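Residue numbering for the sequence shown follows the UniProt record's numbering, beginning at 1 and increasing consecutively.
Read the structure below first, then the notes.
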Amino acid sequence: MDLFKQAKPYLAVIFMQFGYAGSAIISKSALNKGMSHYAFAIYRNLFAAAVFAPFAVVLERKVRPRMTISVLWKIILLGLLEPVIDQNLYYAAMKYTTATFAVSMTNMLPALTFLLAWILRLEEVNTRRLHSQIKIAGTIITVGGAMIMTLVRGPAINLPWTRADANVQSPAAANPQDPIKGALMISAGCFCWASFHILQAMTVKSYPACLSLTSMICTAGALQGTIVTLVAERGNPSVWSIHFDTILMSYVYSGVVTSGVGYCISGIIMRAKGPVFVTAFSPLSMVIVAFMSTFILAERLTFGRVFGAISIVTGLYLVIWGKCKDQISPSKSTNVDETDPIDEQLPDKNLTTKSSNDEKNDATKGDIAGGDNAV
């Protein structure tokens, strides 16, 4: 049981990457069918808020902290950074560059998050210590492996279930219209995404009710996204229509899994592991997509993708090793929360029982004292 308890954060983050990979495939299919990325940002957050709000009301009614002006402003900013700015910039940039280039650019997320966490002292980094050097090297190797996986092709690997004519780029994809503009938009989106993780890590310290926090972030993102869409898609009311098709499935899946479950799990894990731990696993979704696409889209693997995948796994192992050494480091032994962050989301029944017993014991002592005085 102790081993499973220690492995839960790692399993949860890996589960998140599988969810993100599925969202990438479904969303890409929906975009090919004419889905507006503005409407996508609104509906996915609406579905996430609608699903998670009832659970937050019931499960966190006794542990939900008091709302303050500071927390409220953080929630509004969180709803703007990732649900609105990051998502819209990323999908809008697809018009100015190739999909491969866009995906490779997003792999700067772990490095940006690590840098921001280092500057804001959310991540312990001592360049003189081996485990900090390993964390830095692991982050660089992970990002480098993701870049190799998307930019280096190499000979194709013929698998029995793939076809020979897969992975052929169209002339439009081979000749991007404005790669500089697209790169700037994706870079700005990645910076907002990294800032979202940093701000989320700060917010969960003062507002640890992750279900409630997730619901409010998604609600704030939907409201702000509605204002953006009304301006950007004015005169085009068709973007608001909903039909039972792939686009609706993309709204529901991306909302519940990517926005809802993703925000909630990442918030819980950040309380114990920090934002760098969560984002270090983000390139893993590329590995999952690459192998899933061989089955779903019948795409062919190349040696470049395989070598990049191996580099990503190696880099992740180094980052995890460095994080483990952080937790057992004497300098942080007094600051590390030894309790399970996932278990902390539930009320402590033992504490309640202990308090009740203490009250009964105090009452009994009072009766005895009263009896002694009467005598």
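C-beta atoms are modelled at their ideal positions from N, C-alpha and C, and glycine is treated no differently.
Just so it is clear, the structure is predicted and the values come from calculations on it, not from any experiment.
In this structure, A21 places its C-beta atom within 8 Å of the C-beta atom of S285.
Nearest C-alpha to V261 among A48, T219, P9, K5: A48. For S206, the closest C-alpha among the options I268, N126, T314 is that of I268. In the DSSP assignment, H37 falls within the alpha helix (DSSP H) that extends over 37-59. The Cβ atoms of A194 and L80 lie no closer than 8 Å to each other. If you look at I268, you'll find it in the alpha helix (DSSP H) that goes 262-273. Under the DSSP assignment, Y90 falls in the alpha helix (DSSP H) whose first and last residues are 87-93. When DSSP assignments are scanned along the segment 170-235, the uninterrupted stretches of alpha helix (DSSP H) that are 4 or more residues long and fall wholly within it turn out to be 171-174, 179-206, 210-232. In the DSSP assignment, K74 falls within the alpha helix (DSSP H) that extends over 69-80. No residue range can be given for I242, since it is assigned to no alpha helix (DSSP H) and is classified by DSSP as neither H nor E. In summary, R305 is buried, with 16 or more beta-carbon neighbours lying within 10 Å of its beta-carbon over all protein chains present. Bounds of any alpha helix (DSSP H) do not take in F281, whose DSSP letter is neither H nor E.
Between the segment 227-235 and the segment 3-14 there are fewer than three C-beta pairs closer than 8 Å, too few to call the two in contact.
DSSP places L109 in the helix class (H, G or I) of the three-state scheme. Each residue's CA atom was taken as its position, placing V152 and S27 some 25 Å apart. Note that the C-beta distance between I140 and T314 is not below 8 Å. Between the segment 273-282 and the segment 103-113 there are three or more C-beta pairs closer than 8 Å, enough to call the two in contact. The continuous stretches of alpha helix (DSSP H) do not include N126, and DSSP gives it neither H nor E. Each residue's CA atom was taken as its position, placing T68 and K8 some 31 Å apart. A contact between stretches requires three or more CB pairs, one per stretch, nearer than 8 Å, and the segment 47-64 meets this requirement with the segment 206-225. Contact between N88 and A50 does not hold, since the beta-carbon distance rounds to 21 Å and is not under 8 Å. I76 and V204 have their C-alpha atoms some 14 Å from each other. Pairing V289 with S250, the inter-Cα distance amounts to about 16 Å. In this structure, P65 lies away from C218, with their beta-carbon atoms at least 8 Å apart. Here D2 is exposed, its C-beta having fewer than 16 other C-beta atoms within 10 Å. Rounded to the nearest whole angstrom, the C-alpha separation of R129 and L318 is 14 Å. Under the three-state reduction of DSSP output, K323 falls in the helix class. Ranked by how close their Cα comes to the Cα of D178, the residues A93, I320, A272 have A93 in first place. By the CB criterion at 8 Å, I310 and A146 fall outside the cutoff. Rounded to the nearest whole angstrom, the CA to CA distance from Y90 to S259 is 16 Å.
In the three-state reduction of the DSSP assignment, V63 falls in the coil class, being assigned neither a helical nor a strand state.
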